[in-house]
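For the sequence shown, the residue numbers in my numbering are 2 to 380. Before any comments, here is the structure.
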Amino acid sequence: MQKQRVLLLSEGFGAGHTQAAYALSSSLRKVAPHVQTRVLELGSFLNPRVAPIIITAYKKTVSTQPRLVRMMYRSNYKKSLNRLTTLALHRIFYTRTIQIIRQLHPDVIVCTHPIPSAIISRIKRLELLDVPLCTVITDYDAHGTWVSREVNSYLVSTDQVKQKLLERGVEEEKIRITGIPVHPNFWERHRKEDIRSQFNLKNMPTVLVMGGGWGFMKDEAVNSLLASYREQIQIIFCFGSNTKSLEKMKKDPRFIHPHIHLLGFTREIDKLMEVSDLLITKPGGMTCTEGLAKGIPMLFHKPLPGQEEENSQYFASQGWGTPIGSLDDITAWIKRLTNNYEEVVRTREEVLDHIASYYPLQSAQAIMDLIEDKKVLAE
């Protein structure tokens, strides 16, 4: 039996897009063990020297000029990447894309970021490629840059996102509501006693703070407030790849305490969410969906302009998360954890019951359906 190949393309503008690609890769192997998958951050792969410079500049712009980013997001909200832009991107960053694809010979190409989706669409438009293209929208919003006529299938998070695509002229038969793919581990349940033993945690109300690799969780007021409750609650600060902030906090006496745990990069966020009672985080699409899979209540810290604002609003509307308006919101939650802990646990179980019917491998199955459709057409 000839192995089928799935090529998953992302970009490094935020870890969530690439996380979604790897989550799909793992899910595909569960649905169809015979399938071969390959994940590439396409621009970084083709231009390993230039891409990091562009990504660093993007991070700096997002963190220092949020109003500018919001204005750009809104002013281009309904616009696809135009042909001139995709041509420029192709010539500057992606000139060897078609060669890479021909070498890997995929049965389907899956994009979890709008730029590679636009580039592959352009190649298909020029009739240089005849491979099904699946675009996975990794937020709870649909910016116009995700939309290209050459996309064969869109996998989206909610009916609201589907409606936005329909308003932009996407054919309904091309859209499937699958939820945002997260790693299958987030849908598994672990023994909390084992997790506490592994991470040297105590059995007490626990807050998980995820700042992400970009270091946006440097809020001194929030961190100080949390540390002031270290006798009553357990706090896990997870810094991802932001080693600079991690080392700085390790030297701060306020955070040297048996109830405070400072962690760097880990692949076991699913376990930390399982054993925590509240998540304070940036509302990225992936992180929100991972938290939902674990049923953990969330507080959203200063959403970035654009997608994170939309994610925050959607989760707040569903009762799954709350934007932090002031430090009082955090204080109220800490009091809830210390005074009404049983109610917090019970509410979480109700959320888990609500999402129990969700099939976590829908995205992977939709991609396999594309491959099967291609085989039928070829026969």
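Virtual Cβ for every residue (Gly too), placed ideally from N, Cα, C. Note that this is a predicted model, so its numbers are computed, not measured.
Near the ligand SAH: residue i beta-carbon under 7 Å from a heavy atom
i	result
Leu9	Because no ligand of any kind appears in the structure shown, any question about the ligand SAH cannot be addressed here.
The alpha helix (DSSP H) enclosing residue i, as first and last residue numbers
i	result
Val148	Segment: none, Val148 is in no alpha helix (DSSP H) and carries neither H nor E.
Thr179	Note, Thr179: premise wrong, no alpha helix (DSSP H); not H, not E.
Thr339	328 to 340
Leu29	16 to 32
Val276	270 to 276
Phe316	308 to 319
Ile281	From DSSP, Ile281 is part of no alpha helix (DSSP H) but of the beta strand (DSSP E) over 279 to 282.
Leu300	From DSSP, Leu300 is part of no alpha helix (DSSP H) but of the beta strand (DSSP E) over 299 to 301.
Asp160	160 to 168
Pro117	115 to 126
Arg97	Counting along the chain, Arg97 falls outside any alpha helix (DSSP H), and DSSP gives it neither H nor E.
Lys295	286 to 295
Cα-Cα separation between residue i and residue j, rounded to whole angstroms
i	j	result
Arg197	Gln235	12 Å
Asn224	Pro298	19 Å
Leu293	Trp321	7 Å
Val32	Gln366	7 Å
Thr19	Thr113	7 Å
Asp374	Asn201	50 Å
Asp330	Asp370	45 Å
Ala148	Pro115	In the sequence under discussion, the amino acid at residue 148 is Val, which differs from the Ala named in the question. Computed Cα separation, rounded: 8 Å.
Asn243	Gly265	7 Å
Ser118	Val7	15 Å
Cys135	Glu151	10 Å
Leu338	Arg39	43 Å
Lys245	Thr288	22 Å
Glu128	Leu105	18 Å
Asn153	Arg190	35 Å
Ile176	Arg169	12 Å
Pro49	Asp220	32 Å
Glu174	Arg103	28 Å
Ile368	Thr146	21 Å
Val109	Leu130	11 Å
Tyr155	Gln164	12 Å
Arg192	Tyr230	26 Å
Val352	Asn340	21 Å
Gln363	His258	43 Å
Arg349	Glu194	18 Å
Ile270	Met250	20 Å
Extent of the continuous beta strand (DSSP E) run through residue i
i	result
Val111	109 to 112
Thr323	322 to 324
Glu42	37 to 42
Arg6	6 to 11
Tyr136	Reading off the sequence shown, one finds Thr at residue 136, where the question assumed Tyr. It spans 134 to 137 - the beta strand (DSSP E) in which Thr136 sits, taken as one unbroken run.
Neighbourhood of residue i by C-beta distance below 6 Å, restricted to the same chain and skipping five residues each side
i	result
Leu300	Ile281, Thr323, Ile325
Tyr315	Tyr141
Val210	Phe238, Ile281
Ile361	The amino acid occupying residue 361 in the given sequence is Pro; Ile does not appear at that position. The residues are Trp188.
Leu41	Leu10
Gln37	Lys4, Arg6
Own chain residues within Cβ distance below 8 Å of residue i, not counting five before or after
i	result
Thr207	Ile234, Gln235, Ile236, Ile237, Val276, Ser277, Asp278, Leu279
Arg347	none
Met274	Phe187, Leu209, Leu280, Glu291, Gly292, Lys295, Ile297
Gln319	none
Ile99	Ile124, Leu129, Leu130
Ser122	Thr87, Leu134, Ser149, Arg150, Glu151, Val152
Leu167	Glu173, Ile176
Tyr381	Here the chain comprises residues numbered 2 to 380, so residue 381 is not present and cannot be evaluated.
Option nearest residue i by Cα separation, candidates the options
i	options	result
Ile372	Gly17, Pro107, Ser45	Pro107
Val171	Ile257, Met211, Lys295, Val157	Val157
Arg255	Cys239, Met274, Glu232	Glu232
Asn186	Arg103, Lys175, Ala24	Ala24
Pro182	Leu264, Thr244, Tyr230, Gly286	Gly286
Phe14	Gln161, Asp131, Leu305, Val109	Leu305
Arg97	Gly145, Lys175, Leu47	Leu47
Lys203	Ala16, His262, Ile138	His262
Asp253	Met274, Pro34, Lys163, Ala228	Ala228
Gln308	Lys249, Lys283, His35	Lys283
Val111	His144, Leu328, Thr139, Lys272	Thr139
Gln5	Ile120, Gly44, Leu43, Val132	Val132
Glu291	Glu221, His258, Ile356	Ile356
Ile101	Thr146, Gly44, Val137, Arg50	Gly44
Ala222	His302, Ile176, Lys193	His302
Leu29	Ser313, Glu173, His184	His184
Leu327	Ile99, Leu226, Gly180	The identity of residue 327 in the sequence shown is Ser, whereas the question assumes Leu. Of Ile99, Leu226, Gly180, the residue nearest in Cα terms is Leu226.
Sequence-distant residues of its chain with Cβ nearer than 7 Å to residue i (five each side left out)
i	result
Asp160	Ile178
Trp334	Leu279, Leu300
Ser27	His184, Pro185
Glu12	His18, Glu42, Leu43, Gly44, His114, Ile116, Pro117
Val162	Ile138, Tyr141, Asp142, Ala143
Ala317	Thr323, Pro324
field: Start-end ranges of the beta strand (DSSP E) lying completely within the segment 195 to 267, minimum 3 residues
entry: The qualifying runs are 207 to 211, 235 to 239, 261 to 264.
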